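Asks:
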Amino acid sequence: MMPENEKVILEVEHLKKYFPVRAGVFKRVVAQVQAVDDISFKVHEGETLGLVGESGCGKSTTGMTILRLYEPTFGRIILEEEDTTPWFMTTTEAKRYIKIMYADRFEKMKQEFGSLDEVIKNLNKEIDKKYAEIYFEQGETGIRQDMMKDLTEKRRYFRKNAQVIFQDPYSSLNPRLRIIEIIGEGMKVNKMGTNQEIRDRVAHLMEIVGLSKDYIYRYPHQFSGGQRQRIGIARALAVNPKLIISDEAVSALDVSIQSQIINLLVDLKNEYGLTFVFIAHDLAVVKHISDKIAVMYLGKIAELTLKKELFDNPLHPYTVSLMSAIPIPDPEVKKKRVVLEGDVPSPLNPPSGCRFHPRCPVAKEICSKEEPSLNEISDNHYVSCFFPGEFKI
Amino acid sequence: MLNNNEKPLLKVENLHVHFKTEDGIIKAVNGVSFELYPGETLAIVGESGSGKTVTALSTIRLLDENGWIEEGKIQYKDNDVLSLSDNQLRKIRGKEISMIFQEPMTALNPVFTIGDQIIESLELHLDMNKQEARRKAIDLLRKVGIPEPERRIDQYPHELSGGMRQRAMIAMALSCNPSILIADEPTTALDVTIQAQILELMKDLQKEFQMSIIFITHDLGVVAEMADRAIVMYGGEVVEAADIITIFKKPRHPYTWGLMNSIPRIDKDEERLLSIPGVVPNPLNFPKGCKFSNRCFFADEKCVEENPNLEEIEENHFSRCWHIDRMLREMHKVKEGER
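From first to last, the protein sequence lines are chains A and B. Under my numbering, read the first sequence as residues 1 to 393, first letter to last. Under my numbering, read the second sequence as residues 394 to 732, first letter to last.
(1) Where do the N-terminal and C-terminal ends of the beta strand (DSSP E) with I531 (chain B) fall, by residue?
(2) Does M653 (chain B) get closer than 9 Å to chain A when you measure Cβ to Cβ?
(3) Taking all protein chains shown into account, do 16 or more other C-beta atoms lie within 10 angstroms of the C-beta of H288 (chain A), making it buried, or fewer, making it exposed?
(4) Listed in chain order, which residues of the segment 285-297 of chain A have Cβ atoms closer than 9 Å to some Cβ of chain B?
(5) State the CB to CB distance for the pair E633 (chain B) and S712 (chain B), rounded to an integer number of angstroms; the pair is presumed to be in contact (CB under 8 Å).
(6) Using CA atoms only, rank isn't needed, just tell me which of A:E93, A:V36 and A:F26 is closest to P350 (chain A).
(7) Run through the DSSP bridge pairs and tell me what F74 (chain A) is partnered with.
(8) Just mark D330 (chain A) as buried or exposed, buried being the case when its beta carbon has 16 or more other beta carbons within 10 Å.
(9) Please list the partners that D214 (chain A) has in chain B, where partner means a Cβ-to-Cβ separation under 8 Å.
(10) Terminal residues of the continuous alpha helix (DSSP H) containing F311 (chain A)?
(11) Look at the Cβ atom of T48 (chain A), then the Cβ atom of D214 (chain A), and state whether they are nearer than 9 Å.
(12) So R337 (chain A) contacts chain B; which residues on that side make the cut at Cβ distance below 7 Å?
(13) Taking the alpha carbon of E458 (chain B) as the reference point, which residue from B:H411, B:G424 and B:V504 has its own alpha carbon closest?
(14) Please report the Cβ distance between P72 (chain A) and G614 (chain B), rounded to the nearest whole angstrom; I am assuming they are in contact, meaning their Cβ atoms lie under 8 Å.
(15) Report buried or exposed for R28 (chain A), applying the criterion of at least 16 other Cβ atoms within 10 angstroms of its Cβ.
(16) Please classify E489 (chain B): is it buried, with 16 or more other beta-carbons within 10 angstroms of its beta-carbon, or exposed?
(17) Can you list the alpha helix (DSSP H) stretches of 4 or more residues lying completely in the segment 180-247 of chain A, in chain order?
(18) Check for me: the beta strand (DSSP E) holding I609 (chain B) runs from which residue to which?
(19) Measuring only the C-alpha atoms, how far is P20 (chain A) from T65 (chain A)?
(20) Quick one, are the C-beta atoms of V415 (chain A) and N190 (chain A) less than 9 Å apart?
(21) According to DSSP, simplified to helix, strand and coil, what is L435 (chain B)?
(22) Going along chain A, which residues have a C-beta under 7 Å from G614 (chain B)?
(23) Which residues mark the beginning and the end of the beta strand (DSSP E) in which L429 (chain B) is found?
(24) Distance cutoff 9 Å, beta carbons only. Does M323 (chain A) sit that close to anything in chain B?
(25) Looking at the strands, I want to know which residues DSSP matches up with F278 (chain A).
(26) Taking DSSP's pairing of strands, which residues face S491 (chain B) in a bridge?
(27) Considering just the uninterrupted stretch of the alpha helix (DSSP H) at V255 (chain A), what are its terminal residues?
(28) Specify the secondary structure class of I398 (chain A) as computed by DSSP and reduced to three states.
(29) For A31 (chain A), is the classification buried or exposed, using 16 other Cβ atoms within 10 angstroms of its Cβ as the cut-off for buried?
(30) Between the alpha carbons of A582 (chain B) and D547 (chain B), how many angstroms are there, rounded?
(31) Could you list the residues in the segment 256-270 of chain A with a C-beta less than 8 Å from some C-beta on chain B, going in chain order?
(32) Considering H44 (chain A), what are the terminal residues of the beta strand (DSSP E) in which it resides?
(33) Any beta carbon of chain D sitting closer than 9 Å to that of L173 (chain A)?
(34) Is the CB-CB distance between F223 (chain A) and L298 (chain A) below 9 Å?
(35) When you compare only the Cα positions, how much space is there between G556 (chain B) and E181 (chain A)?
(36) Quick check on L721 (chain B): buried or exposed, where buried means 16 or more other Cβ atoms within 10 Å of its Cβ?
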């Protein structure tokens with residue numbers, strides 16, 4: 001398992017994504033769907049974080065927000081020591097973001113601690129230290145200049161380094177492009193070589209993902225679902241990204257094809273030290289591929305820990321119930337099962353207090369009143385529950 | 394549960410189903426035979442294109458317009474299903490043999506309330522009057538675990554969640570006390586915690602209504618949990634059939650064995666999954682011998698040339714393979730080699 005001092009590739013802090021619900025003649029915002037509500041996690045180099053949960057838990061929204069296919073409502077997304085959050089914002093939004101995230105915070109700390117040195121000493125993150133120094137030398141404009149200069153380049157850098165593999169291999173490949181164009185486009189945009197070099201690399205990538213390089217001039221419709229998913233994987237790998245987000249990449253595939261793709265992902269991960277955020281609803285698949293797993297429920301992380309720890313010692317009642325709900329392919333294992341009552345509530349109007357309390361088998365009074373925070377119960381094991389470990393089967 | 398002294402409720406013999414398409418005639422089901430006994434759950438397992446759904450739909454002659462039963466015999470109780478008139482068939486379909494589908498949203502009619510749809514079948518099949526039927530419908534909704542059935546009965550399908558819709562569909566299917574329920578991937582579109590609810594519900598209702606279930610699924614976990622017996626299909630043929638313990642503990646067909654070892658599991662730490670090479674071929678060009686020969690770890694020329702028969706290799710355990718011995722000898726090596 002990855003040691004703690006390993007390089008952090010992705011850090012997500014207090015990420016929120018609300019979708020406004022509009023109604024009436026003037027399309028006023030009448031409510032907010034709290035799809036992702038204040039989640040934080042880190043992914044180290046070479047590590048795979050699994051995001052697992054049922055529909056509506058916000059796992060895909062999390063992935064899409066990290067990729068900035070959705071603009072986050074709140075929070076900070078750091079890719080390898082760089083705050084990428086304002087890169088895709090409008091100037092006004094970015095200005096507001098920098099004021100709230102940095103200027104106001106540093107100003108408050110300055111009043112609290114007095115000197116600049118003390119402020120910097122009290123900041124843990126390199127990125128905060130860097131911007132605190134800039135702030136105290138050049139003010140808010142300094143931070144803005146540093147963050148917002150060369151935006152086109154920064155955006156391209158981000159797009160190159162955060163790649164995605166989608167669920168549906170049919171709609172995620174452009175039917176009018178040949179495979180060489182699909183896989184090679186990113187390299188072309190990022191000027192990663194001459195046409196000849198790009199073609200050689202595409203051929204090489206196709207062999208890596210298990211496709212014959214003879215197919216390089218074919219179109220997507222000439223491939224089966226599993227082969228298309230291989231093309232999607234090759235496309236993601238082509239630009240040597242720092243991070244790959246895979247959103248239900250194997251869910252649409254038949255069992256025998258699914259295992260081929262899972263094995264391919266595991267091989268690639270081991271061979272090239274890839275860093276993954278692996279989003280899926282199937283806990284068994286997530287378990288197979290991840291080092292660390294975050295179980296999500298209604299826009300929040302219920303439990304986050306290393307894979308082995310999660311399965312040996314699940315502490316959140318939702319994790320325990322989820323595991324017990326999965327049918328085991330062994331007719332002689334008659335397992336005890338908790339059948340959770342009811343459906344997942346709507347994120348439009350989430351329950352008060354702990355969002356799981358209406359379905360929780362061990363909920364007490366406090367659970368409907370206060371919201372538990374994600375606490376580190378033991379080393380590297382985070383649980384958001386007032387009574388961790390109380391529910392066992 | 395398997396009881397050979399009892400007469401089967403449903404008996405399918407040598408079923409062949411063909412479809413006409415632009416590219417030619419697709420032989421979707423090729424000589425499938427099985428029996429369903431009272432009170433048992435029979436799983437039909439297979440991947441997409443294996444013919445599992447078509448097989449089940451054929452038993453009540455529910456095929457698309459371009460499909461037909463080319464050959465075979467289907468006997469339900471004392472009826473020869475294939476020679477029944479449409480009127481006679483209608484008395485069985487939906488009443489004695491009913492179905493639930495994967496996607497309740499497409500199977501339910503969106504412009505009628507769920508009450509209307511249940512009441513319709515009660516009026517039609519059981520000759521109830523409106524009030525009686527409504528009372529019975531509320532009863533059924535309560536039985537399938539829908540809270541506040543008096544209110545829910547007047548709601549439209551889109552007002553219900555996925556799990557509730559599936560419950561409503563089950564209520565509809567059970568309205569006439571069917572003796573056979575055909576369940577086509579009924580939990581595939583549901584979340585696992587909801588799937589657990591529906592599976593429990595189906596088990597309870599099966600006991601209460603004493604019905605037989607044909608459970609079509611690709612999920613081996615669900616099979617292990619629900620079924621008494623299973624038939625495994627590949628390329629429109631049955632490749633293996635046995636009781637559930639035997640199928641899981643002693644698979645004797647390379648495809649069954651491959652499937653079992655290719656799924657990630659939460660109860661085991663496997664280093665690497667076995668992966669069956671290749672893809673299911675287009676139904677128009679399956680290999681001419683054994684359908685699985687081009688993906689099989691143990692195949693040789695004989696397999697490519699000649700399709701083996703489904704043989705009874707031990708009591709009530711059937712397999713369609715030339716090389717069971719070789720598979721048993723080499724399966725560990727194959728698994729190691731994969732690692």
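The beta-carbon is built from N, C-alpha and C at its ideal position, and this holds for glycine as well. It should be emphasised that the depicted structure is a prediction, and the values quoted were computed from it without experimental measurement.
Replies: Concretely, from the data shown:
(1) Segment K523 to K536 is the alpha helix (DSSP H) holding I531 (chain B); no beta strand (DSSP E) there.
(2) yes
(3) buried
(4) V285, V286, K287, H288 and I289
(5) 5 Å
(6) A:V36
(7) A:K16
(8) buried
(9) Result: empty, since nearest Cβ-Cβ is about 17 Å, beyond 8 Å.
(10) K307 to D312
(11) no
(12) A589
(13) B:H411
(14) In fact, because the Cβ distance is near 36 Å, the residues do not count as touching under 8 Å.
(15) exposed
(16) buried
(17) 195-208 and 225-238
(18) S605 to T610
(19) 15 Å
(20) The structure shown does not extend to residue 415 (chain A), since chain A is modelled only from 1 through 393, so no value can be given for it.
(21) strand
(22) I326, P327, I328 and P329
(23) G417 to L429
(24) yes
(25) A:G50 and A:S246
(26) B:L574
(27) V255 to Y272
(28) For residue 398 (chain A) there is no data in the structure shown, the boundaries of chain A being 1 and 393.
(29) exposed
(30) 24 Å
(31) S256, I257, Q258, S259, Q260, I262, N263 and V266
(32) R28 to H44
(33) Absence of chain D from the displayed structure is noted, the protein chains being A and B.
(34) no
(35) 43 Å
(36) exposed
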